[in-house]
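Working notes, beginning with the structure itself.
What follows is the structure, given as structure tokens:
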């Protein structure tokens, strides 16, 4: 079958012609003149082909690249020294698994100070509660005695009442101080939890940059360049494809698309269209599309280039002509249409 290509004309005929013109007189020219004494120019002969209207359903090959479904660079939230690290490049990890443990000497002193403040606040509260209990007892006893006229002076009763009220206020204030001290201790303990580096998801360690004794810190901190480790999800991958704008029609989420990779020549893999950008990059005139690719066995590696067998479909019929009927110049792409015994560009 002859190769055909898409055109935008709705006409049914296009023409192609190659004309050879003589640049000077020749014997053949003289013979032609003798056979054509009237001098009339012979009309050139052109070959025409019909435009075919049919539904577009072809496959084109597009470049793609496999990406990890999830990837994270692990930095500690606080500065510390690596005390222990239990993974290396290629290690498989599970969600919540301990990857590394840090030590921060200043955190030890901060925790001790916070614990001391909690103990001090608790002791002061207990002492104040004991005094409140004693003063309350004295006040209640005086009130009972005051029932007998002349036994207790009114001033003594009032002093006992004021003392008990002051004790209650002091106990309440000390309870607040104790709660604040406990909250400060919890904050220190929470920060200490940051010294434990755990895996955020199931994956594989693809990069390790530290060893025990190394000083590490948050991303962007002075002297911190590379992450401690980098983890990627490889059980499921993303296949990123920059699809030319002319090929995006007819593709939908959930469609199956085949692709190949250089490490496995002759073998075809498949992915599912999961994310469509729905916007064309004005610089490249392509639309990013991502496929989800199952990779439970780990045969495919993130970063691998692929050749995608991209299906091109359109919901309405498309016009086709032979490739030889299409002319391309630096300015435009066109065909020559025959209309009323005349040729015109389309």
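In our numbering, the protein residues as written are 2 to 347. For every residue, glycine included, the Cβ atom is placed at its ideal position computed from N, Cα and C.
Item                                                                                                                                 : Value
Helix, strand or coil at residue 1 [DSSP, three-state]                                                                               : It is not possible to answer for residue 1, since the shown part of the chain is limited to 2 through 347.
Beta-carbon proximity check, residue 83 vs residue 103, cutoff 8 angstroms                                                           : yes
Residue 316 versus 50, 47 and 56, residue with shortest Cα-Cα distance                                                               : 56
For residue 273, the residue or residues it bridges with in DSSP                                                                     : 257 and 293
Proximity to residue 293 [Cα-Cα], best of 60, 54, 66 and 48                                                                          : 66
Neighbourhood of residue 256 by C-beta distance below 8 angstroms, restricted to the same chain and skipping five residues each side : 273, 274 and 312
Alpha-carbon spacing of residue 80 relative to residue 73, whole angstroms                                                           : 19 angstroms
For residue 323 and residue 25, the rounded distance between their alpha carbons                                                     : For residue 25, the pLDDT reaches just 44, beneath the cut-off of 50, and the residue's location in the model is therefore unreliable, leaving the point undetermined.
Host beta strand (DSSP E) of residue 1 (start-end)                                                                                   : The requested residue 1 does not occur in the structure, where the chain is confined to residues 2 to 347.
Residues bridged to residue 282 (per DSSP)                                                                                           : 287
7 angstroms CB neighbourhood of residue 195 in its chain, flanking five on each side removed                                         : 77, 78 and 79
Reduced DSSP category for residue 29 - H, G, I as helix; E, B as strand; rest coil                                                   : A caution first: residue 29 carries a pLDDT of 48, below 50, which makes its placement in the model unreliable, though a value can still be read off. DSSP places residue 29 in helix when its eight states are reduced to three.
Member of 247, 48 and 177 whose CA lies at the smallest distance from the CA of residue 314                                          : 247
Buried versus exposed call for residue 287 [16 or more other C-beta atoms within 10 Å across all chains shown]                       : buried
Residues near residue 305 in its chain [Cβ-Cβ closer than 8 angstroms; skip 5 each side]                                             : 66, 67, 262, 263 and 264
Cβ shell of residue 319 (< 8 angstroms), same chain only, five flanking positions each side left out                                 : 7, 54, 55, 56 and 57
Reference residue 245; option with closest CA among 49, 215, 285 and 97                                                              : 285
Simplified DSSP assignment, three categories, for residue 35                                                                         : Interpretation of residue 35 is limited by its pLDDT of 48, a score under 50 that renders its predicted location unreliable; the figure taken from the coordinates is listed afterwards. Correct three-state label for residue 35: helix.
Secondary structure of residue 207, DSSP reduced to three states                                                                     : strand
Bounding residues of the alpha helix (DSSP H) (the contiguous stretch that carries residue 348)                                      : In the structure as shown, the chain begins at 2 and stops at 347. Residue 348 is therefore absent and cannot be evaluated.
Three-way DSSP call (helix, strand, coil) for residue 187 in this model                                                              : helix
Rounded straight-line distance, which links the Cα of residue 203 to that of residue 258                                             : 26 angstroms
For residue 251, the three-state DSSP class (helix, strand or coil)                                                                  : coil
Where residue 54 falls: helix, strand or coil (DSSP)                                                                                 : strand
Cross-strand partners of residue 309 (DSSP beta bridge)                                                                              : 63 and 260
Cα-Cα separation between residue 191 and residue 129, rounded to whole angstroms                                                     : 30 angstroms
Per DSSP, the bridge partner or partners of residue 334                                                                              : 329
From 144, 141, 137 and 329, residue whose alpha carbon lies closest to that of residue 170                                           : 137
Closest by C-alpha distance to residue 238, when choosing among 143, 297 and 75                                                      : 297
Given residue 160 as reference, the closest of 174, 143 and 90 once Cα atoms are compared                                            : 143
Buried versus exposed, by CB contacts within 10 Å (16 or more), residue 188                                                          : exposed
Between the CA atoms of residue 201 and residue 216 - distance to the nearest angstrom                                               : 22 angstroms
Selection from 301, 340, 346 and 302 that minimises the alpha carbon distance to residue 334                                         : 346
Limits of the beta strand (DSSP E) - the one that residue 233 falls within                                                           : 230 to 233
Best match in 309, 341, 124 and 132 for proximity to residue 350 [C-alpha to C-alpha]                                                : No information on residue 350 is available, as it lies outside the stretch 2 to 347 that the chain covers here.
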